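Enquirer: I am attaching a structure below and will ask some questions about it afterwards.
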Ligand SMILES: [Zn+2]
Ligand SMILES: [Zn+2]
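Residue numbers (the numbering used here): 1 to 264.
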């Protein structure tokens, strides 16, 4: 009896400590709740078997990307055409980057996951994305991982850059070096949604820069650029251009979701 009473008292003391920690700083609330609540499906939020696991319905609705695809931009091919085969768009106008890979096709569920990270700022979601993206890592040591930057006004409003959260999670999984401020967005760009390819290109022209003091770090290196969603490639190409001008030897892009159908 005494033993049970002691255990109850101890549990009460632990709870009191937790509440004190929560009262002391609101930041403590989230880890405590994350620990106490069951894992949720990153897509629909239903209770899931384990952390970072999608429920069956969301899993079936996701399209995982991989071979066969364009060697450069990862556009899916209907049948294998060889490891070096390029799509028509890449043949007509080679992108500024060397290789792009994406975990999933852009669709209802992958968009939901990206929005949860973008507006919910949940590092657990970044970890989920990083797990699926890591399968496409094909870089050796010495690679620098950098996110597509946001304009500082947007960071002030939101408090974080979603691509930087993914870059951090991915780099720590793969044991790669990160440089979160490698590229700077020097021009505020309008939302590209609804614009044609030429308009998008014009909108992001001159928007990204690698500052002088970072150039030494980039020269001759492979840079792995992280983005949440790859739509037209305008942003990724503008970033890749800035990296190339700074002397990067190879530029790879890894994103969570890639638009594969025109109009998305
Ligand atoms: Zn689900
Ligand atoms: Zn291509």
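In this text, a Cβ means the ideal position worked out from N, Cα and C, and glycines have one as well. Being a predicted model, the structure only gives us computed values, none of them experimental.
(1) Can you check the stretch 97-121 for any beta strand (DSSP E) of at least 3 residues that lies completely inside it and give the ranges in chain order?
(2) Mapping the DSSP letters down to three states, classify residue 147 as helix, strand or coil.
(3) Buried or exposed: where does residue 308 fall if 16 or more other Cβ atoms within 10 Å of its Cβ makes it buried?
(4) I'd like to check one pair, residue 129 with residue 113: are the Cβ atoms closer than 8 Å?
(5) Terminal residues of the continuous alpha helix (DSSP H) containing residue 218?
(6) Assign residue 233 to buried or exposed, taking buried as 16 or more other Cβ atoms, counted over all protein chains shown, within 10 Å of its Cβ.
(7) Can you grab the Cα-Cα spacing for the pair residue 137 / residue 165, in whole Å?
(8) Hey, would you say residue 210 sits closer than 8 Å to residue 182, going by beta carbons?
(9) In the DSSP assignment, find the unbroken beta strand (DSSP E) run with residue 224 in it and report its ends.
(10) Is the closest heavy atom of ligand 2 to the C-beta of residue 65 under 7 Å?
(11) Report all residues from its chain with a CB closer than 6 Å to the CB of residue 70; omit the five preceding and five following residues, and keep chain order.
(12) Rounded C-beta distance between residue 153 and residue 205? I'm assuming under 8 Å.
(13) Taking residue 255 as part of the beta strand (DSSP E), name the residues at either end of that continuous run.
(14) Does the beta-carbon of residue 147 have 16 or more other beta-carbons within 10 angstroms, so that it is buried, or is it exposed?
(15) Rounded to whole angstroms, what's the CA-CA distance from residue 223 to residue 41? Just pull it up for me.
(16) Give me, in chain order, the residues of the same chain whose beta-carbon lies closer than 6 Å to that of residue 253; leave out the 5 immediate sequence neighbours on both sides.
(17) Compare the beta carbon distance of residue 247 and residue 215 with 8 Å and say whether it is the shorter of the two.
(18) Report the residue from 197, 76 and 145 whose alpha carbon sits nearest the alpha carbon of residue 93.
(19) Please indicate yes or no: does the CB of residue 132 lie closer than 7 Å to some heavy atom of ligand 4?
Expert: The short version:
(1) 99-105
(2) strand
(3) Only positions 1 to 264 of the chain appear in this structure, which leaves residue 308 out of reach.
(4) Yes, the Cβ-Cβ distance between residue 113 and residue 129 is below 8 Å.
(5) 212-218
(6) buried
(7) 17 Å
(8) yes
(9) Segment 222-230, the beta strand (DSSP E) holding residue 224.
(10) no
(11) Only 86, 87 and 90 meet the Cβ criterion.
(12) The Cβ separation is near 19 Å, so there is no contact.
(13) Counting along the chain, residue 255 sits inside the beta strand (DSSP E) bounded by residues 250-258.
(14) Buried is the call here.
(15) Roughly 32 Å separates the two Cα atoms.
(16) Scanning its chain for C-beta atoms nearer than 6 Å, with the 5 sequence neighbours on each side dropped, one finds around residue 253 the residues 97, 100, 225 and 236, in chain order.
(17) Result yes, Cβ atoms of residue 247 and residue 215 sit closer than 8 Å.
(18) It is 197.
(19) Absence of ligand 4 is noted for the structure shown, with ligand 1 and ligand 2 being the only ligands found.
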